[in-house]
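Read the structure below first, then the notes.
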Amino acid sequence: MSIFQSAFDFLSGSPGLAAGRDHNDFVGQTVELGDVKLRIKRVIAEGGFAFVYEAQDLGSGRDYALKRLLSNEEEKSKAIIQEVCFMKKLSGHPNIVQFSSAASIGKEESDTGQGEYLILTELCKGQLVEFLKRAEANNPIPCNTVLKIFYQSCRGVQHMHKQKPPIIHRDLKVENLLVSHQGTIKLCDFGSATSIAHYPDYTWSAQKRAMVEEEITRNTTPMYRTPEIIDLYSNYPINEKQDIWALGCILYLLCFKQHPFEDGAKLGIVNGKYSIPSNDTKYTVFHDLIRKY
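Residue numbers (numbering that gives the first Met the number 0): 0 to 292.
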C-alpha cells in the first residue's frame with residue numbers, strides 16, 4: 000500500500016487557483032488528508048521548494064505542522080517519498096518529530112504544474128536555535144540544560160542508527176532540532192537522510208568519487224561535514240558516524256555559542272583543528288566529551 004493517501008482534489012478551498020499560486024495563497028485554504036480536514040493558518044518556515052505551515056484540525060481543534068513540498072523532477076519526488084518512509088519508520092520515539100499522515104497529487108492534477116506532497120506532523124513550540132539566540136542575550140545556558148538538550152538529541156540519533164540498516168540523518172544541526180510544547184528536543188527534517196553508507200577504496204575511479212561527492216554536497220551543511228567527507232581520497236568509511244561528529248559540533252555550540260568550524264574551512268575540518276576556549280570554567284565537565292567527538 001502506498002505511504003501516501005489518495006489526495007486528488009485535496010485542496011477543497013477556492014477552486015481553480017492560478018498556476019502561479021505562491022505559498023501565501025495556500026494560507027486560508029482547507030486541506031483534506033484522509034478523514035482529517037485542516038485549515039491552513041500561517042507560514043512557519045520556507046526554503047527552496049518546501050514550505051511549512053501551521054494547520055488546525057477543524058474537527059478536534061488540534062494544531063499540526065504541515066510541510067508542503069513541490070517537485071517537477073523524478074529524483075526529487077523519489078527523495079520526498081524516501082523522507083516520508085523514514086519519518087513513518089522513526090515516528091513514535093520521544094525525540095523524533097511525530098509523523099501523522101501524508102498525501103500527494105501528480106503535476107497533471109496540480110495547478111502549480113508540479114507534483115505536490117503534504118506531510119503532516121506534530122506542531123512543536125519552535126526551533127532550538129531560537130532558544131539559543133534568546134539565551135545569548137541573557138546568561139550562559141546552565142550545564143544541566145546543555146546536558147538535557149544534548150542527551151535528548153543523542154537519543155533521537157541513536158534511534159535512527161538502531162534501524163536495520165542504520166538511517167543516517169546527514170544534515171544534523173541545531174536548526175534541525177525542535178523544542179516541543181513540553182520542552183522535549185525533537186529531531187526533524189529527514190529530507191537528506193539515507194540508509195546508504197559508502198566505503199571508498201583504491202579501486203574507486205575519479206568519476207565515482209566525484210559522483211559521491213556531489214551527492215553528499217547536496218545533502219550536508221559545510222561546517223558539519225566530517226574529514227572523510229571532505230577528503231574522499233582518505234578512503235575512510237562514510238557512514239552513520241558522520242552524525243556522531245555533528246553531535247560533537249552541536250555540543251560545542253551549546254557550550255560556547257559558536258561552531259567549532261564556523262567558516263566551514265576544509266583544511267581545519269580535515270585536521271580537526273579547533274580549540275576549546277582557554278578561559279572557560281563553566282563547561283569544563285564537557286571538555287573531554289567534546290574532544291572525543
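Each residue gets a CB set at the ideal place from its N, CA and C atoms; glycine is no exception.
Query raised in the report: Near S194, which residues of its chain fall below 6 Å by C-beta distance, leaving aside the five closest residues on each side in sequence?
Result: P164, I166
Query raised in the report: Can you name, in chain order, every residue of its own chain whose Cβ lies under 6 Å from the Cβ of G263, other than the five neighbours on each side?
Result: P221, M222
Query raised in the report: Where do the ends of the alpha helix (DSSP H) carrying S76 lie?
Result: 73 to 89
Requested in this report: Kindly indicate the opening and closing residues of the alpha helix (DSSP H) around D211.
Outcome: With the sequence shown as reference, residue 211 is identified as Val, and Asp is not the correct amino acid for it. Going by DSSP, V211 is part of the alpha helix (DSSP H) stretching over 205 to 218.
Report task. Note down, in chain order, each residue of its chain lying with its Cβ closer than 8 Å to the Cβ of R20, except the 5 sequence neighbours on either side. Result -> Annotation note: pLDDT 48 at R20 (below 50); position unreliable, coordinate value reported separately. Cβ within range, chain order: D110, T111.
Query - Collapsed DSSP secondary structure at Y150 in the structure displayed - result: helix
**Report entry** Cβ pair count under 8 Å reaching 3, the stretch 146 to 160 against the stretch 245 to 254
**Finding:** For the pair of segments examined, the stretch 146 to 160 was found to touch the stretch 245 to 254: the number of CB pairs separated by less than 8 Å reaches three.
Query raised in the report: Expressed to the nearest angstrom, what Euclidean distance is found between the alpha-carbon atoms of S217 and G190?
Result: Before going on, a small fix: residue 217 reads as Arg here, not Ser. Each residue's alpha carbon lies about 11 Å from the other.
Query raised in the report: Among all the DSSP beta bridges, which residues are the ones paired with E121?
Result: Y63
Query raised in the report: Do I302 and K185 have their C-beta atoms closer together than 8 Å?
Result: Because the chain in this structure spans residues 0 to 292, residue 302 falls outside the shown range and cannot be described.
Query - Cβ contact check for the stretch 59 to 77 and the stretch 132 to 145: 3 or more pairs under 8 Å - result: A contact is defined here as three or more CB-CB pairs under 8 Å, and the stretch 59 to 77 fails this definition with respect to the stretch 132 to 145.
Requested in this report: Can you grab the Cα-Cα spacing for the pair E74 / V173, in whole Å?
Outcome: 27 Å
Query raised in the report: With a Cβ-Cβ cutoff of 8 Å, do A54 and V30 count as a contact?
Result: Yes. Within cutoff.
Report task. Could you tell me how far apart the beta carbons of E115 and S103 are, in whole angstroms, since I believe they sit closer than 8 Å? Result -> Contact flag correct, Cβ pair sits at about 7 Å.
Query raised in the report: Can you give the Cα-Cα distance for H258 and I275, rounded to whole angstroms?
Result: Put simply, the backbone Cα of H258 is about 11 Å away from that of I275.
Report task. Compute the Euclidean distance between the alpha carbons of R290 and N278, then round it to the nearest angstrom. Result -> R290 and N278: Cα-Cα distance of roughly 17 Å.
Query - Three-state secondary structure (DSSP) of V26 - result: coil
**Report entry** Whole-Å CB distance - T120 paired with Y63, under 8 Å assumed
**Finding:** 7 Å
Report task. Indicate whether F25 and Y52 have their beta-carbon atoms separated by less than 8 Å. Result -> yes
Report task. Pull up the CB-CB distance for Q241 and I228, whole angstroms please, since I reckon it's below 8 Å. Result -> 7 Å
Requested in this report: Within the same chain, show all residues whose beta-carbon is closer than 6 Å to that of L89, passing over the 5 residues directly before and after it, in chain order.
Outcome: I95
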